[in-house]
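Heads up, the thing below is written out as structure tokens.
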Amino acid sequence: DVKVTQSSRYLVKRTGEKVFLECVQDMDHENMFWYRQDPGLGLRLIYFSYDVKMKEKGDIPEGYSVSREKKERFSLILESASTNQTSMYLCASFRDRGFSPLHFGNGTRLTVT
Amino acid sequence: DQQVKQNSPSLSVQEGRISILNCDYTNSMFDYFLWYKKYPAEGPTFLISISSIKDKNEDGRFTVFLNKSAKHLSLHIVPSQPGDSAVYFCAASEGQGGSEKLVFGKGMKLTVNP
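Sequence order for the protein chains is X and S.
Going by the working numbering, the residue at position 68 of the first sequence is 72; the numbering climbs one at a time, nothing skipped.
Going by the working numbering, the residue at position 113 of the second sequence is 301; the numbering climbs one at a time, nothing skipped.
Here's what the structure looks like:
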């Protein structure tokens, strides 16, 4: 069974802090994604990666960056956290062969004060 | 511009009855559609999918119907159970069913009352 693990369930950070959200998947998936979920807005894609050291901007990349040094790990970085980045962050992955749905982690609830 | 629309934010049904969740899309290039279910404090889980070459796909109590001419799909849950209470997201993609760049709707909260 695919497991996508996000290192923190809840985080509280101050405005201006640099924040790292970590995600690890254990199924050798090529593709990894970061979404944020906000009430009334659904899931919005921030960044995705289809291979190690590769990254692509999603729909809302401003204020974020990512790192993928190893295939199993995809990190989301908030360079200087702001209150409008308070949200639920969801990591997901899928493999490249045949139809494969996205598998999501349990999310990280980030609050920026 | 919202490409995948779930126009009703919530639905409440009685246990044992049918739940019908609707989704509309605007991009005629979408050729794969998925439904995800999300419980509070958990990530979304894949529920069922359908490709544009079909008009119906069934998996147990869950059936998805696709009307390409109307750009509309629906998820039917029969019979509904209290454990089905969750937020349901409709999603769509181009390109032979890949999960790359899925476009999600805003979600609809389903409540099944005992």
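Just so it is clear, CB atoms sit at the ideal spot from N, CA and C, and this is done for glycine as well.
State buried or exposed for S/Asn255, treating a residue as buried only when at least 16 other CB atoms are found within 10 Å of its CB.
-> Start at 1 with the first residue of the second sequence, and residue 255 of chain S comes out as number 67. With fewer than 16 other Cβ atoms within 10 Å, it is exposed.
Could you spell out the range, first to last residue, of the beta strand (DSSP E) harbouring X/Ser97?
-> For the purposes of this step, residue 97 of chain X is taken as residue 93 along the first sequence, with counting starting at 1. First-last of the beta strand (DSSP E) with X/Ser97: Ser91 to Phe98.
In DSSP terms, what X/Gln29 is bridged to | To locate residue 29 of chain X, count along the first sequence from 1; it is residue 25. According to DSSP, which records beta bridges pairwise, X/Gln29 is partnered with X/Val8.
Proximal residues, the stretch 103-115 of chain X versus chain S, C-beta separation under 7 Å | Phe103, Ser104, Pro105, Leu106, Phe108, Gly109, Asn110 and Gly111
X/Thr115, DSSP secondary structure in three states | On the first sequence, residue 115 of chain X is found 111 positions in, with the first residue counted as 1. Looking at X/Thr115 - three-state DSSP - the assignment turns out to be strand.
Report the three-state DSSP secondary structure of S/Asp272 (helix, strand or coil).
-> As a position in the second sequence, residue 272 of chain S is number 84, starting the count at 1. The answer is helix: DSSP assigns S/Asp272 an H, G or I state.
Considering only C-alpha positions, which residue in the set X/Leu45, X/Lys59, X/Cys95 and X/Arg18 is nearest to S/Glu230?
-> Your numbering for residue 230 of chain S matches position 42 in the second sequence. Of the candidates X/Leu45, X/Lys59, X/Cys95 and X/Arg18, the residue whose Cα lies closest to the Cα of S/Glu230 is X/Cys95.
When DSSP labels each residue in this structure, what does X/Asn35 get in the three-state scheme?
-> Position 31 of the first sequence, counting from 1, holds the residue named residue 35 of chain X. In the structure shown, X/Asn35 sits in a strand (DSSP, three-state: E or B).
Amino acids of chain X, ordered along the chain, whose beta-carbon sits closer than 8 Å to that of S/Glu230 | Here residue 230 of chain S corresponds to residue number 42 of the second sequence, with the count starting at 1. Asn110 and Gly111, listed in chain order.
Between the stretch 67-89 of chain X and chain S, which residues of the former have a C-beta closer than 7 Å to a C-beta of the latter?
-> none
Cβ neighbours of S/Lys159 in the same chain (closer than 7 Å, five flanking residues each side left out) | No answer is possible for residue 159 of chain S: the residues shown for chain S start at 189 and end at 302.
Nearest residue (CA-CA) to X/Tyr51, options X/Gln41, X/Phe37 and X/Pro43 | Looking up residue 51 of chain X in the first sequence gives position 47. It is X/Phe37.
Could you please give the first and the last residue of the uninterrupted beta strand (DSSP E) stretch that includes S/Asn255?
-> As a position in the second sequence, residue 255 of chain S is number 67, starting the count at 1. First-last of the beta strand (DSSP E) with S/Asn255: Phe250 to Asn255.
Helix, strand or coil at S/Asn210 [DSSP, three-state] | As a working note, residue 210 of chain S is residue 22 in the second sequence. Three-state result, S/Asn210: strand.
Can you round the beta-carbon distance between S/Ser207 and S/Ile265 to whole angstroms, since I take them to be within the 8 Å contact cut?
-> Taking the second sequence and counting its residues from 1, one reaches residue 207 of chain S at position 19. Taking the second sequence and counting its residues from 1, one reaches residue 265 of chain S at position 77. That belief holds up - the Cβ atoms of S/Ser207 and S/Ile265 are roughly 4 Å apart, short of 8 Å.
Tell me whether X/Ser104 is buried or exposed, calling it buried when 16 or more other Cβ atoms sit within 10 Å of its Cβ.
-> For this step, residue 104 of chain X is matched to residue 100 along the first sequence. Flag for X/Ser104 reads buried.
Indicate whether at least one CB of chain X lies closer than 9 Å to the CB of S/Thr214.
-> Your numbering for residue 214 of chain S matches position 26 in the second sequence. Answer no: the Cβ-Cβ gap between S/Thr214 and chain X never drops below 9 Å.
DSSP-derived helix/strand/coil call for S/Thr299 | Position 111 of the second sequence, counted from the start, is the residue given in the question as residue 299 of chain S. Looking at S/Thr299 - three-state DSSP - the assignment turns out to be strand.
Secondary structure at S/Gly285, three-state DSSP: helix, strand or coil?
-> Here residue 285 of chain S refers to the residue found at position 97 when the second sequence is read from its first residue. In this prediction, S/Gly285 scores a pLDDT of 49, lower than 50, which makes its location untrustworthy; no coordinate-derived value is stated.
Does the Cβ of S/Gln269 have 16 or more other Cβ atoms within 10 Å, making it buried, or fewer, making it exposed?
-> Here residue 269 of chain S corresponds to residue number 81 of the second sequence, with the count starting at 1. Exposed, by the Cβ-count rule.
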